[in-house]
Amino acid sequence: MTRTMGDESATANRRILARALPSVLGETSAETVELVARAREGMEVSDLRRLLPLLEGWVSSYHPFVPPQVQGDFRRTLARQYLKLAFTRRGRSLTRIVLAIWGGRHQGSELMRTFLTLAVQRARLSLGYDPLASFEGGAP
């Protein structure tokens with residue numbers, strides 16, 4: 000279905016974004032809708048360069064309204080989103096990875112913690128065992 004209905008799905012996704020984004024972000028242009036859609040699908044470095052300043056502005060305008068008790072969850076969610084921008088398969092390049100991680104640098108330790116968690120999960124899947132299991136018992 001993904002191959003045969005890919006174009007239809009992408010078009011439907013953009014229609015949904017065009018309706019939903021204005022209520023979340025305020026007034027949005029067709030270019031913004033397209034950038035957000037591409038962020039979900041995988042984007043080229045040039046698109047990411049245009050999206051990151053927008054994303055930073057949205058985060059800074061939304062951040063004051065995040066209750067203190069969920070600040071940690073908010074930062075973890077943002078860190079995951081920056082990593083998704085970095086590692087989405089389509090259009091992946093070292094430049095895009097570095098640019099997305101640099102864009103998420105304001106998330107500080109949450110970005111690094113999320114990145115390391117992702118790396119360990121990937122290693123577990125690839126290796127078929129937990130490479131960190133020997134460290135869980137502590138130092139001998």
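Residue numbers (numbering that gives the first Met the number 0): 0 to 139.
Where is the CB? At the ideal position from N, CA and C, for every residue including glycine.
Nearest to Arg-121 by CA position, among Gly-107, His-105 and Phe-86, is which residue? Phe-86
Would you give the residue range spanned by the alpha helix (DSSP H) that Ala-140 belongs to? Residue 140 cannot be examined here, being either before or after the span of the chain that is shown, 0 to 139.
Simplified DSSP state of Arg-89, which is helix, strand or coil: It is coil, neither helix nor strand.
Buried or exposed for Arg-18, please, with buried defined as at least 16 other CB atoms from any protein chain shown within 10 angstroms of its CB. exposed
Report all residues from its chain with a CB closer than 8 Å to the CB of Leu-34; omit the five preceding and five following residues, and keep chain order. Met-42, Asp-46, Arg-49, Leu-50 and Leu-53
Could you check whether Val-44 and Arg-95 sit closer than 9 Å to each other, using their CB atoms as the reference points? Contact annotation: Arg-95 and Val-44 have beta-carbon atoms nearer than 9 Å.
Buried or exposed by the 16-neighbour rule on C-beta atoms within 10 Å, applied to Arg-88: exposed
Check each candidate in Asp-72, Gln-70 and Leu-77 and name the one with the smallest Cα separation from Trp-57. When each option's Cα is compared against that of Trp-57, the closest is Leu-77.
Return the CA-CA distance between Arg-37 and Gly-102, expressed in angstroms with no decimal places. If you draw a straight line from the Cα of Arg-37 to the Cα of Gly-102, it comes to about 17 Å.
In three-state DSSP terms, what is Tyr-61? helix
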